[in-house]
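Engineer: Add 113 to a position in the sequence shown, counting from 1, and you land on the number used in this note's numbering.
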Amino acid sequence: MNKEILKNILILDSIYKLLDWKDRVRIHFLLQDKNTEVTPNIQILYDWCVKWMWLPPKLKYGQDRLQYFENSPDEWVLTEELKYIKPDLPKLHY
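1) Give the range of the alpha helix (DSSP H) segment to which residue 138 is assigned.
2) State the Cα-Cα distance for the pair residue 129 and residue 195, rounded to the nearest angstrom.
3) Using 10 angstroms around the beta-carbon of residue 139, count the other beta-carbons present and answer buried if the total reaches 16, otherwise exposed.
4) Within 10 angstroms of the Cβ of residue 174, are there 16 or more other Cβ atoms? Answer buried if so, exposed if not.
5) Does any heavy atom of the ligand ATP sit closer than 8 Å to the C-beta of residue 148?
6) If we ignore side chains and look at the alpha-carbon of each, how far apart do residue 170 and residue 149 end up?
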């Protein structure tokens, strides 16, 4: 699996809270070549990122220690504001 896409999945998850902790840990193991097996949810998000050629926005932490993403140049939006807005993301297995 492409490691850049796996990193993009982690960013996607940090914005929309899609994965459980086990899938996040599994992605870190995949990035370190400590595991080669993927879960169905990781595969679904991986395929989705490839199909839509999704690239993550820039992320940063503000002085308030909250995470922000770049919506447009010089416009940073609090990630928490997105928890009620989900784009057309694939359905995951739980």
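We put the CB at the ideal spot given by N, CA and C, even for glycine. Remember, predicted model here, so these are calculated numbers, not experimental data.
Structural biologist: Working from what's here:
1) Taken as a continuous stretch (DSSP letters only), the alpha helix (DSSP H) holding residue 138 covers 134-144.
2) The alpha-carbon atoms of residue 129 and residue 195 are separated by roughly 7 Å.
3) It counts as buried.
4) Per the 10 Å Cβ criterion, exposed.
5) Absence of the ligand ATP from the depicted structure is noted, as is the absence of any ligand whatsoever, leaving it without description.
6) Inter-residue distance for residue 170 and residue 149 is about 27 Å (C-alpha atoms, whole angstroms).
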